[in-house]
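Heads up: take any position in the sequence shown, counting from 1, add 276, and you land on my numbering.
Below is one structure, written out as structure tokens, with a few remarks after it.
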Amino acid sequence: MPATQPEIVLSNLKSAIAERNLENYMKCLADTVGGGKSFRFIPDPTTQVQNPGLFAHWNLESEKRTMNYLFSQVPKDSTISLVFGLLTEQTYVNRDTTVFIRDYTLEIHHSLNPEQYPREAVGRAEFHLCQVQGEWVIFSWSDRRSGNQPSWSDVKASFGK
Numbered sequence: 277m278p279a280t281q282p283e284i285v286l287s288n289l290k291s292a293i294a295e296r297n298l299e300n301y302m303k304c305l306a307d308t309v310g311g312g313k314s315f316r317f318i319p320d321p322t323t324q325v326q327n328p329g330l331f332a333h334w335n336l337e338s339e340k341r342t343m344n345y346l347f348s349q350v351p352k353d354s355t356i357s358l359v360f361g362l363l364t365e366q367t368y369v370n371r372d373t374t375v376f377i378r379d380y381t382l383e384i385h386h387s388l389n390p391e392q393y394p395r396e397a398v399g400r401a402e403f404h405l406c407q408v409q410g411e412w413v414i415f416s417w418s419d420r421r422s423g424n425q426p427s428w429s430d431v432k433a434s435f436g437k
């Protein structure tokens, strides 16, 4: 669905993950094509310390490679689900930029060793969105873990190595 409103981006992100649709997942993220901003992922600080250098040059290609691998490791008869909690906070910076802060739970029913690859991630994401050529995209994504549970950063670190 065209992301003509910022809320649609998060809905599209959820759908792309559930459908394991890499192309639609990538459409949710900013690309410099068309004069847009470049995508940036800011990992949870604990995950960053545990994986020195991994996120230093994280970009769209890193995201694409990681999600492609993740999607490929989920059997056809299994699921991936992303659930966002109620909107924690939304700030309109200006008419072309907004910030969403959402609690999330990501469940991945993959076929890999769960000791090395988390099957559930829980945390809080801060999404900075901008409008490029009439559609909203995520240009900055910060992640924070909730308690001792793996975060989305841990998922990216595991599947992105």
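We treat Cβ as the ideally placed atom computed from N, Cα and C, and that holds for glycine.
Exercise. Run the CB neighbour count on E295, radius 10 Å, all protein chains shown included, and call it buried at 16 or more, exposed below.
Key: exposed
Exercise. Pick out the complete alpha helix (DSSP H) segments inside the segment 297-367, 4 residues or longer, and give them in chain order.
Key: 298-303, 321-326 and 336-348
Quiz item: Could you give the distance in angstroms between the alpha-carbon of R316 and the alpha-carbon of W334?
Solution: 7 Å
Quiz item: Between which two residues does the beta strand (DSSP E) containing S418 stretch?
Solution: E411 to R421
Quiz prompt | Euclidean distance between Cα positions of D419 and T323 | solution = 10 Å
Practice problem: For Y380, write down the residues that DSSP places opposite it in a beta bridge. | Solution: F360 and G399
Exercise. Could you tell me whether the segment 396-404 touches the segment 365-383, where touching means 3 or more Cβ pairs closer than 8 Å?
Key: Touching, yes, given that three or more Cβ pairs across the two stretches are closer than 8 Å.
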